[in-house]
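Engineer: My numbering numbers the first residue of the sequence shown as 3 and each following residue consecutively. Where a beta carbon is used, it is the ideal one built from N, C-alpha and C, also for glycine. Please read these numbers as outputs of a predicted model, since none were measured by experiment.
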Amino acid sequence: MAAGALVLATGPRFGKGCQILCAQAIAEWSPKLADAVEGVIDVGEFPVVLGGDCSIVLGPTLALKRRGRYGLLFIDGHADFYQPEVNPNGEAASMDLAFATGHGPALLTDLEGRGPLVRDEDAFIFGFRDADEQAEYGSQPLPPELRAFDLATVRRMGVETAALAAVEHLTRDGLDGFFIHLDADSLDDELMPAVDYRLEGGLSWDELKTTLRVAIASGKAMGLEVAIYNPKLDEDGSAGRGLADALTEALGTSAPSA
3 MAAGALVLAT
13 GPRFGKGCQI
23 LCAQAIAEWS
33 PKLADAVEGV
43 IDVGEFPVVL
53 GGDCSIVLGP
63 TLALKRRGRY
73 GLLFIDGHAD
83 FYQPEVNPNG
93 EAASMDLAFA
103 TGHGPALLTD
113 LEGRGPLVRD
123 EDAFIFGFRD
133 ADEQAEYGSQ
143 PLPPELRAFD
153 LATVRRMGVE
163 TAALAAVEHL
173 TRDGLDGFFI
183 HLDADSLDDE
193 LMPAVDYRLE
203 GGLSWDELKT
213 TLRVAIASGK
223 AMGLEVAIYN
233 PKLDEDGSAG
243 RGLADALTEA
253 LGTSAPSA
């Protein structure tokens, strides 16, 4: 599978009068993104999806659910597992992993009647660091079957060992492959200030590159999405250049065969 076919995912427009999550707009738009991602996969290429909002994860996971049973490597500064009634900002981007794994309103968790798009046991959260905020706002707990390494665990294990453990889980028998979700806010806030919700700490460039290299070199990664990077907040362009360099280096490794 050739690496680097680009899909731009701008997402639905959130108009006046839209209820929390803009559920109908997201539900209508996600299958269109799934069609685009599936079209790239069908011609033997490796989709790279660029979008502003983490809710884009529903499109690629729907595309893969149409094809079989796939996992999700969720590299993010936040666990994104809030329930609507306690969501502090009303945005789907704070609940996208919950929706992808079937926790939330049926309109978003059961797209095309295929929910959950990813089983709890087939998702792996990597590098999140918002546990204190989750507790403060009352986020629902992560299901015990859903594997998770917070940033402290990644650092304690060593990033390569942690990434290998995550990939081993996502390439076990019974899974056809996995998709990679990358939120720019997984990076250290000093390196990546160009995000909409800043949080102290985060992965270094080398730690991100190592994680992506291990994931893609597994031969089982089906594609990659990048969300939340906001160029309007990147005053000198250094954050964007660093992100582009990290992706270029990661995508230079062997992509899976078609």
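Between Leu64 and Glu114, which are expected to be in contact by the criterion C-beta below 8 angstroms, what is the C-beta distance as a whole number of angstroms?
Structural biologist: Right, their Cβ atoms sit about 7 angstroms apart.
Engineer: Going along the chain, which unbroken runs of the alpha helix (DSSP H) with 4 or more residues stay wholly within the region 36-98?
Structural biologist: Listed in chain order, the complete alpha helix (DSSP H) runs (minimum 4 residues) inside the region 36-98 are 60-67.
Engineer: Nearest CA to the CA of Ala167: which residue from Ala154, Ala100 and Ala217?
Structural biologist: Closest option to Ala167, Cα to Cα, is Ala217.
Engineer: Do Leu205 and Leu226 have their beta-carbon atoms positioned less than 9 angstroms apart in this structure?
Structural biologist: Going by C-beta atoms, Leu226 is not nearer than 9 angstroms to Leu205.
Engineer: Under 8 angstroms by Cβ, that's how I've got Ala164 and Phe151 pegged, so tell me the actual separation to the nearest angstrom.
Structural biologist: Indeed they touch by this definition, with Cβ atoms about 5 angstroms apart.
Engineer: Would a C-beta distance cut-off of 9 angstroms place Leu75 and Leu172 closer than the cut-off?
Structural biologist: Yes, Cβ-Cβ distance for Leu75 and Leu172 is below 9 angstroms.
Engineer: What span of residues does the beta strand (DSSP E) with Ala229 cover, start to end?
Structural biologist: Start and end: Ala223 to Ala229.
Engineer: Does the region 70-87 touch the region 127-145, meaning 3 or more C-beta pairs lie closer than 8 angstroms?
Structural biologist: They touch, by the three-pair rule.
Engineer: Kindly list the residues whose CB is nearer than 7 angstroms to the CB of Asp198, restricted to its own chain and excluding five residues on each side of it in sequence; keep chain order.
Structural biologist: Counting only Cβ-Cβ distances below 7 angstroms, and skipping sequence neighbours, we find Ile230 and Asn232.
Engineer: Taking the continuous alpha helix (DSSP H) assigned at Asp247, which residues delimit it?
Structural biologist: Counting along the chain, the alpha helix (DSSP H) containing Asp247 begins and ends at Ser240 to Leu253.
Engineer: Just list the beta strand (DSSP E) runs in the region 148-225, keeping only unbroken ones of 3 residues or longer that don't cross its boundaries, in chain order.
Structural biologist: 149-152 and 180-185, all fully within the region 148-225.
Engineer: Let me make sure I understand the geometry here. Which of Gly61, Ala246, Glu30 and Met194 has the alpha-carbon closest to that of Glu237?
Structural biologist: Of the candidates Gly61, Ala246, Glu30 and Met194, the one whose C-alpha sits nearest the C-alpha of Glu237 is Met194.
Engineer: Return the residue from the list Cys56, Leu235, Phe126 and Asp187 that minimises the CA-CA distance to Ser96.
Structural biologist: Answer by Cα proximity: Cys56.
Engineer: With a threshold of 16 other CB atoms inside 10 Å of the CB of Gly73, please say whether the residue is buried or exposed.
Structural biologist: Its Cβ being crowded by 16 or more others within 10 Å, Gly73 is buried.
Engineer: Within 10 Å of its beta-carbon, does Lys67 have 16 or more other beta-carbons around it, so buried, or fewer, so exposed?
Structural biologist: Lys67 comes out buried.
Engineer: Could you spell out where the beta strand (DSSP E) holding Gly104 opens and where it closes?
Structural biologist: Neither: Gly104 is in no beta strand (DSSP E) and is coded neither H nor E.
Engineer: I need the straight-line Cα distance from Gly254 to Asn89, nearest angstrom please.
Structural biologist: About 38 angstroms.
Engineer: Could you pull the DSSP bridge partners for Cys125 from this structure?
Structural biologist: Going by the sequence as given, residue 125 is Ala instead of Cys. DSSP output for Ala125 lists Leu74 as bridge partner(s).
Engineer: What first and last residue would you give for the alpha helix (DSSP H) that runs through Gln136?
Structural biologist: Residues Ala133 to Tyr139.
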